[in-house]
Amino acid sequence: MPAPAAPDLTPSRPVYDGTLGELYAIYLRHLVLMLVTLGWSRFWGRTRIRRYVWNHLAILGDRFEYRGRGRELLIGFLFALVLIAAWAGLMYLAWIYVFHEKPFATFGMFDLFSLSVLLIGFPLAYVGHYAGLRYKLSRTRWRGIRCGMAGSAWRYGVVATFLHFANAMTGLLLTPVVSVNLARPRIANTRLGTLPFAFAGNAGDIYGRYLGYYFLNIIAWVIAAVAVFMAVGGTLESLGVTSDDFLALFTRPTLRTVVLVLALAFGAYILFGLLILPLRCWWQAYLLRYLVTHSRAGNVLFATAITTRQMWGFLVLNYLIVLLTLGIGWPWVMHRTVKLIAAQLWIYGTPTGASIGQPPDHGPGYGEGLLDMFDVSGI
Numbered sequence: 014m015p016a017p018a019a020p021d022l023t024p025s026r027p028v029y030d031g032t033l034g035e036l037y038a039i040y041l042r043h044l045v046l047m048l049v050t051l052g053w054s055r056f057w058g059r060t061r062i063r064r065y066v067w068n069h070l071a072i073l074g075d076r077f078e079y080r081g082r083g084r085e086l087l088i089g090f091l092f093a094l095v096l097i098a099a100w101a102g103l104m105y106l107a108w109i110y111v112f113h114e115k116p117f118a119t120f121g122m123f124d125l126f127s128l129s130v131l132l133i134g135f136p137l138a139y140v141g142h143y144a145g146l147r148y149k150l151s152r153t154r155w156r157g158i159r160c161g162m163a164g165s166a167w168r169y170g171v172v173a174t175f176l177h178f179a180n181a182m183t184g185l186l187l188t189p190v191v192s193v194n195l196a197r198p199r200i201a202n203t204r205l206g207t208l209p210f211a212f213a214g215n216a217g218d219i220y221g222r223y224l225g226y227y228f229l230n231i232i233a234w235v236i237a238a239v240a241v242f243m244a245v246g247g248t249l250e251s252l253g254v255t256s257d258d259f260l261a262l263f264t265r266p267t268l269r270t271v272v273l274v275l276a277l278a279f280g281a282y283i284l285f286g287l288l289i290l291p292l293r294c295w296w297q298a299y300l301l302r303y304l305v306t307h308s309r310a311g312n313v314l315f316a317t318a319i320t321t322r323q324m325w326g327f328l329v330l331n332y333l334i335v336l337l338t339l340g341i342g343w344p345w346v347m348h349r350t351v352k353l354i355a356a357q358l359w360i361y362g363t364p365t366g367a368s369i370g371q372p373p374d375h376g377p378g379y380g381e382g383l384l385d386m387f388d389v390s391g392i
């Protein structure tokens with residue numbers, strides 16, 4: 014009996030051939046229409062941008078297609094708007110019949126509604142994140158095959174809320190558990206037609222590296238705090254300001270006090286960022302490498318060798334682009350992101366086309382309402 018043939022693990026990388034000029038032409042048209050329509054054209058503009066990016070990204074020689082429609086995003090947004098309105102009505106009834114309009118002396122109806130939205134906003138943002146990802150995958154095709162995503166967005170939202178709360182209560186010591194257990198449903202529930210993805214990661218694999226990062230981070234914060242304190246003290250001393258004079262500024266605050274506080278806060282932010290960000294980039298690069306290399310789609314394996322330096326340049330420059338252009342540089346950030354994925358992602362093998370069929374469902378009929386409501390949908 015002949016031995017089974019070894020799987021083909023020939024390496025390849027995605028190819029992105031979009032240009033920044035073409036992407037900006039679509040984006041600037043999107044901004045003009047946004048002004049003319051008072052923002053209501055954003056759903057169609059976002060769809061055109063996605064279609065351009067998807068159609069210029071190819072894997073194994075075949076380009077992706079984006080089949081989403083602007084009206085689907087509009088319907089999703091209106092649906093989320095109805096949910097928020099219904100919640101506001103419920104809070105109004107509670108204000109009238111439960112609190113009898115006066116629960117506290119300085120607590121009003123708007124405060125009650127704001128507090129309730131704050132409490133439900135976090136889980137709903139996680140629900141929206143998962144639902145938005147499912148919508149985008151359901152509107153994505155490769156070689157004519159629809160992608161998709163199984164699982165419950167509400168269950169993901171509950172789990173994500175609990176894990177982040179537990180992580181906050183433990184001083185962020187559960188970060189590997191949060192990262193792995195939230196990546197698992199997003200990856201394992203992804204489908205290319207009938208071909209499922211799989212994720213074999215375990216939080217225990219990365220805990221040792223994270224603990225090193227965690228305590229180095231504490232040391233860096235202490236060093237940064239001492240450096241900021243010494244820099245502030247040296248600056249005040251060079252200006253001839255004593256500690257009593259400095260404290261007096263806050264007992265009788267003036268415009269000078271506000272300017273001084275803003276200047277100190279900005280200087281401290283820059284100094285803390287320079288000392289802390291390299292460590293964060295080191296951890297983020299390691300975590301990304303781990304998640305990618307422990308994912309697979311059938312007999313197709315993935316890998317990346319992104320380094321701390323590359324992550325540093327990516328995050329810092331993207332932040333500066335958005336900050337210095339007041340958000341107009343967002344297409345540049347998106348362009349750089351797709352180029353980085355194409356340059357750093359390695360794919361080993363190719364899916365067996367004969368064994369992949371179209372998924373039985375077509376995905377949700379509308380998309381990203383909650384994400385758009387909380388302004389985190391992006392592109």
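Each residue of the sequence shown is one higher than the one before, starting from 14 at the first, in this note's numbering. Beta carbons: idealized from backbone N, C-alpha and C, even for Gly.
No Cβ-Cβ contact shorter than 8 Å links SER165 with ARG159. When Cβ pairs closer than 8 Å are counted between the two stretches, the region 298 to 317 is seen to touch the region 207 to 215, the count reaching three or more. With 16 or more other Cβ atoms inside 10 Å of its own Cβ, HIS69 counts as buried. DSSP, reduced to helix, strand and coil, places ALA310 within a strand of the structure shown. VAL329 is positioned such that its CB atom lies no closer than 8 Å to that of VAL346. Ranked by how close their Cα comes to the Cα of TRP296, the residues THR320, ASN312, LEU275 and VAL274 have THR320 in first place. Closest by C-alpha distance to PHE327, out of ARG293, PHE175, TRP359 and ALA278, is ARG293. Under the DSSP assignment, ILE97 falls in the alpha helix (DSSP H) whose first and last residues are 83 to 110.
Three or more beta-carbon pairs separated by less than 8 Å are not found between the region 173 to 190 and the region 199 to 213, which leaves the two stretches without contact. Setting aside the 5 residues that flank it on each side, ALA163 is surrounded in the same chain by ASN202 and ARG204, each with a C-beta closer than 8 Å to its C-beta; the list follows chain order.
Going by C-alpha positions, LEU22 is about 53 Å away from ALA99. When the Cα atoms are used, TYR143 and ARG199 turn out to be separated by approximately 8 Å.
Under the 10 Å beta carbon count, PRO373 is surrounded by fewer than 16 other beta carbons and is classified as exposed. PRO377 is positioned such that its CB atom lies no closer than 8 Å to that of TYR139. Boundaries of the beta strand (DSSP E) harbouring TRP155: 153 to 155, taken from the DSSP string.
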